[in-house]
Amino acid sequence: MPNAENQLIQSLPRKDSERLLAQCSQVDLVLTEVLCEPGQPLRFVYFPIDGFISLVAQIEGHPGLEVGMVGREGMLGAPLVLGVPKLPLRALVQGPGSAWRIAAAPFKRELAHSAALQHALDRYLYVLMAQLTSSAACLRFHLIGQRLARWLLMSQDRAHADTFHVTHEFLAYMLGVRRVGITVAAGDLQRGGLIAYHRGELTVLDRPGLEAAACSCYATDRLTYSEQMP
0 MPNAENQLIQ SLPRKDSERL LAQCSQVDLV LTEVLCEPGQ PLRFVYFPID GFISLVAQIE
60 GHPGLEVGMV GREGMLGAPL VLGVPKLPLR ALVQGPGSAW RIAAAPFKRE LAHSAALQHA
120 LDRYLYVLMA QLTSSAACLR FHLIGQRLAR WLLMSQDRAH ADTFHVTHEF LAYMLGVRRV
180 GITVAAGDLQ RGGLIAYHRG ELTVLDRPGL EAAACSCYAT DRLTYSEQMP
């Protein structure tokens with residue numbers, strides 16, 4: 000059996016994970032690659048291994064806004080679990096790496112065949128829904144610096160590394176703010192010794208300090224995941 004580093008797949012009984020992986024192929028997730036667009040049919044389901052994906056809401060006449068993030072803890076293609084063939088969000092590769100990919104039709108067959116897979120994905124749907132909800136509240140009530148700290152922690156969790164590539168322009172796009180706001184907020188974190196940033200490479204220097212600087216949404220998201228996905 001291949002080493003399935005996606006946590007959802009790893010949580011399945013051996014026979015279920017083996018059957019699912021037999022239908023999957025391992026693919027590269029390329030930075031900034033768009034995996035699906037809003038309203039377009041979902042052709043594939045992705046189970047990230049060591050890359051991660053941003054879920055971006057698109058509003059006509061405005062730049063996109065990240066409302067969710069998917070790493071090895073989850074999967075892209077959740078609407079198919081509900082029998083809905085489309086995703087209302089853009090899926091954009093935020094962290095390069097790899098993923099298990101399965102076409103929509105065999106995925107639906109596996110879902111019908113495996114009660115364990117259905118159960119795991121039902122619980123993950125709740126986690127994802129909670130993440131989308133907290134992102135909406137976070138946008139309305141929390142300051143840019145708090146939201147930036149939360150975003151960096153979420154990215155570090157999914158990058159599984161202290162250093163990852165990100166630009167101020169991309170951060171502004173993800174958080175739905177002007178670039179100058181990101182520059183000020185990132186500068187505050189850097190002067191506080193929490194991060195280092197040089198030519199697009201960001202390093203988390205003080206993880207506990209960054210957690211203290213983040214809004215409460217980060218801790219809430221982690222608690223929801225730990226409660227629903229043991």
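For the sequence shown, numbering that gives the first Met the number 0 begins at 0 and goes up steadily by one.
Yeah, the Cβ is synthetic: ideal placement off N, Cα and C, and Gly gets one too.
Using the Cα positions of residue 188 and residue 176, report the straight-line distance between them to the nearest angstrom.
Translated into positions along the sequence shown, residue 188 becomes position 189. Translated into positions along the sequence shown, residue 176 becomes position 177. The C-alpha of residue 188 lies about 17 Å from the C-alpha of residue 176.
Through-space distance from residue 147 to residue 186, alpha-carbon basis
On the sequence shown, position 187 is the one that residue 186 refers to. On the sequence shown, position 148 is the one that residue 147 refers to. Taking the straight line from one Cα to the other gives about 11 Å.
For the stretch 154-190, list the alpha helix (DSSP H) runs that are entirely contained and at least 4 residues long, ordered along the chain.
The qualifying runs are 167-174, 178-190.
Burial state of residue 51 (16 or more Cβ within 10 Å):
The count along the sequence shown starts at 1 and reaches residue 51 at position 52. Under this definition residue 51 is a buried residue.
Between residue 27 and residue 90, what straight-line distance do the alpha-carbon atoms span, to the nearest angstrom?
In the sequence shown, counting from the first residue as 1, residue 27 sits at position 28. In the sequence shown, counting from the first residue as 1, residue 90 sits at position 91. When the Cα atoms are used, residue 27 and residue 90 turn out to be separated by approximately 15 Å.
Around the C-beta of residue 13, are 16 or more other C-beta atoms found within 10 angstroms, so that it is buried, or is it exposed?
Along the sequence shown, read from residue 1 onward, the residue named residue 13 stands at position 14. Counting Cβ neighbours within 10 Å, residue 13 comes out exposed, since fewer than 16 surround it.
Determine the DSSP secondary structure at residue 48, reduced to helix, strand or coil.
Working through the sequence shown from its first residue, we reach residue 48 at position 49. If DSSP states are grouped into helix, strand and coil, residue 48 belongs with coil.
Touch test, the stretch 41-61 against the stretch 138-146, Cβ-Cβ under 8 Å, three pairs minimum:
Too few Cβ pairs lie closer than 8 Å, so no.
Have a look at 157, 111, 115, 103 and flag the residue whose alpha-carbon is nearest the alpha-carbon of residue 93.
The sequence position of residue 93 within the sequence shown is 94, counting from 1. The residue from 157, 111, 115, 103 with its alpha-carbon nearest to that of residue 93 is 157.
For residue 67, the first and last residue of its enclosing beta strand (DSSP E)
Your numbering for residue 67 matches position 68 in the sequence shown. First-last of the beta strand (DSSP E) with residue 67: 64-69.
Rounded straight-line distance, which links the Cα of residue 111 to that of residue 17:
Taking the first residue of the sequence shown as position 1, residue 17 is located at position 18. Taking the first residue of the sequence shown as position 1, residue 111 is located at position 112. Roughly 16 Å separates the two Cα atoms.
What are the partner residues of residue 100, as DSSP defines its beta bridges?
One-based indexing of the sequence shown puts residue 100 at position 101. 24, 45, per the DSSP bridge assignment.
If you reduce the DSSP assignment to three classes, tell me which class residue 1 lands in.
Reading the sequence shown from its first residue, position 2 is the one you call residue 1. Reliability fails at residue 1, whose pLDDT of 49 lies under 50, so the model's placement of it is uncertain and the value that follows must be treated cautiously. It is coil, neither helix nor strand.
Local Cβ density within 10 Å of residue 181, reported as buried at 16 or more and exposed below that:
On the sequence shown, position 182 is the one that residue 181 refers to. Per the 10 Å Cβ criterion, buried.
Could you give the distance in angstroms between the alpha-carbon of residue 132 and the alpha-carbon of residue 126?
Sequence index remark: in the sequence shown, residue 132 carries index 133 (1-based). Sequence index remark: in the sequence shown, residue 126 carries index 127 (1-based). Between residue 132 and residue 126, the C-alpha separation is close to 10 Å.
Among all the DSSP beta bridges, which residues are the ones paired with residue 202?
Taking the sequence shown and counting its residues from 1, one reaches residue 202 at position 203. As DSSP reads the structure, residue 202 sits in a beta bridge with 162, 195.
Distance cut-off 7 Å: residue 47 Cβ against heavy atoms of the ligand ATP:
With respect to the ligand ATP, the structure shown offers nothing to examine, as it has no ligands at all.
Cα-Cα separation between residue 118 and residue 228, rounded to whole angstroms
Taking the first residue of the sequence shown as position 1, residue 118 is located at position 119. Taking the first residue of the sequence shown as position 1, residue 228 is located at position 229. Taking the CA atoms as reference points, residue 118 sits about 11 Å from residue 228.
Using a Cβ-Cβ cutoff of less than 7 Å, which residues in the same chain neighbour residue 1 once the five nearest sequence positions on both sides are dropped?
The residue you call residue 1 lines up with position 2 of the sequence shown. At residue 1, the pLDDT of 49 sits below 50, so the modelled position is not reliable; the number obtained from the coordinates is stated separately. The residues are 20.
With C-beta atoms as the reference, is residue 223 less than 8 Å away from residue 162?
In the sequence shown, counting from the first residue as 1, residue 223 sits at position 224. In the sequence shown, counting from the first residue as 1, residue 162 sits at position 163. Annotated as distal: residue 223 and residue 162, with beta-carbon spacing of 8 Å or more.
Keeping to the same chain, check which residues put their C-beta closer than 6 Å to that of residue 33; ignore five residues upstream and five downstream.
Position 34 of the sequence shown holds residue 33. So the list reads 91, once near-sequence residues are dropped.
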